[in-house]
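Data first, discussion second: the structure below is written as structure tokens.
2 protein chains.
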Amino acid sequence: MKLTNLQQDFVLHFGEMGSRWGINRTVGQIYALLFLSSEPLNAEQITEGLGVSRSNTSMGLKELQAWNLVRLRHFPGDRRDYFTTPEDMWEITRILIAERKKREIDPTLTKLRELEMQAPAGDDYAEARIAELREMIELMTGFYDDMEKLETERLVKMMTLGSKIAGLIDKTSGALTLGRRKEVK
Amino acid sequence: MKLTNLQQDFVLHFGEMGSRWGINRTVGQIYALLFLSSEPLNAEQITEGLGVSRSNTSMGLKELQAWNLVRLRHFPGDRRDYFTTPEDMWEITRILIAERKKREIDPTLTKLRELEMQAPAGDDYAEARIAELREMIELMTGFYDDMEKLETERLVKMMTLGSKIAGLIDKTSGALTLGRRKEVK
DNA sequence: TCTAAATTTCAGAAATTACTGAAATCACAG
DNA sequence: CTGTGATTTCAGTAATTTCTGAAATTTAGA
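Chains as they are written, first to last, in this note's numbering: chain X, -13 to 171; chain L, -13 to 171.
Shown next, in the form of structure tokens:
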């Protein structure tokens, strides 16, 4: 398993970015390698391609599976495990966001609600701030949950239109300004 | 600077989450403490409140300033620096997203474009995959840039409406279905 | 059941990151 | 200037995370 320059460069970048993304270098590199491979790879190929220990590859693959970022594949007459990333970029994106939300946001949302329950009713400012933070997180995650449900095609349209869509929202009414085209100029 | 139970609990949680968020424990705790304080705090108060070394507080505050997450304040007749977080939850959110984008996404987008430029024209699959990834990142960051421009009020409306908005988008036309209410039932 | 390949586990080593205390620097009132 | 308080820097240490190699476990065909 000799990497091309392109693969090498991409893999090293993902390794370096790994720590910023909350994964370690090897995990980043394994993912990068699988992402660029049209064929599924087994642990031995990955180990050789990256120049890390076999056990490190094993642990890295385990973590990627915990993140739900890789898929297991098998070939007839070969009992080794082969790994791939999902083909569909949208699926990958959804998984990434969902998993980061689970690890980085959900525990805090739970904690904030817990703190509000206990309500020691002493520090008004702190309590208000916590409520504000919880509300913000709920608004953002609620919006995401909503977007998540859309078909990819609509989602792309919507994202492409971007703020143009916002022009449709009437600031004061709280309803969409349907059937009434805004005067231009 | 004695912390209330509520503050203590919140601060410890932010410390623990810090590593998942790409900051260290102390930085998380300092931010949490400032976030809950109605009054600006100086480094000495933070040090005492958290039970860390003065130098650690100094480094943590420096990092929070690099993240643009705290504001410096001064009082007449007192030459110490006092720190606060912005009052406005939306401002905090915008800063957080912008800074994470800068650290976690922009370097990769740059690298992907660089890889596409060099174009070794050997590995078609890898090249296509890189292009796909770049396009996805551009779509998402472009959408964010667009949202970012909106007034808070419109943004809240839009997020609250969520997928209801998507119903307005005509899947095939690529344009908004303005002035033509969809038949219901 | 036995065997060998495939994979995982795990204790210790290596690398990295976080933290401290002491010294250096800075800033400003007198 | 000078002296004092505030802040930063930084070398060394502590804590944590990552990685490896060897041993243990799992798996499936013979």
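Note that beta-carbon positions come from the ideal geometry of N, C-alpha and C, so glycine has one too.
By the Cβ-count criterion, Ala112(L) is buried, with 16 or more other Cβ atoms from all chains shown falling within 10 Å of its own Cβ. Per DSSP, the unbroken beta strand (DSSP E) holding Asp67(X) starts and ends at Asp64 to Thr70.
In terms of beta-carbon proximity, Asp109(L) lines the interface with chain X, with at least one pair separated by less than 8 Å. Separation of the CB atoms of Leu98(X) and Leu119(X) is rounded to 6 Å, and the pair is thereby assigned contact status at 8 Å. Contact of Ala18(X) with chain L by beta-carbon distance below 9 Å is absent, the smallest such distance being about 10 Å. Collapsing the DSSP output to three states places Leu19(X) in a helix. The Cβ-Cβ distance between Gly14(L) and Trp7(L) falls below 8 Å. If you look at Arg80(X), you'll find it in the alpha helix (DSSP H) that goes Met75 to Arg86. In the DSSP assignment, Arg59(L) forms a beta bridge with Tyr68(L). Among the residues of chain X, those whose CB is under 7 Å from the CB of Trp7(L) are Glu90, following chain order. For Met122(X), the uninterrupted alpha helix (DSSP H) run begins and ends at Asp110 to Lys135, by DSSP. Excluding five sequence positions before and after Asn10(L), the CB atoms of its chain that fall closer than 7 Å to its own CB belong to Gly4, given in chain order.
Here Thr79(L) is near Met122(X), since their CB atoms are less than 8 Å apart.
Interface annotation, Ser149(L): in contact with chain X, CB-CB separation under 8 Å. Interface with chain X (8 Å Cβ-Cβ cutoff): Met45(L) is excluded. Straight through space, the alpha carbons of Lys(-12)(L) and Met133(X) are spaced by roughly 43 Å.
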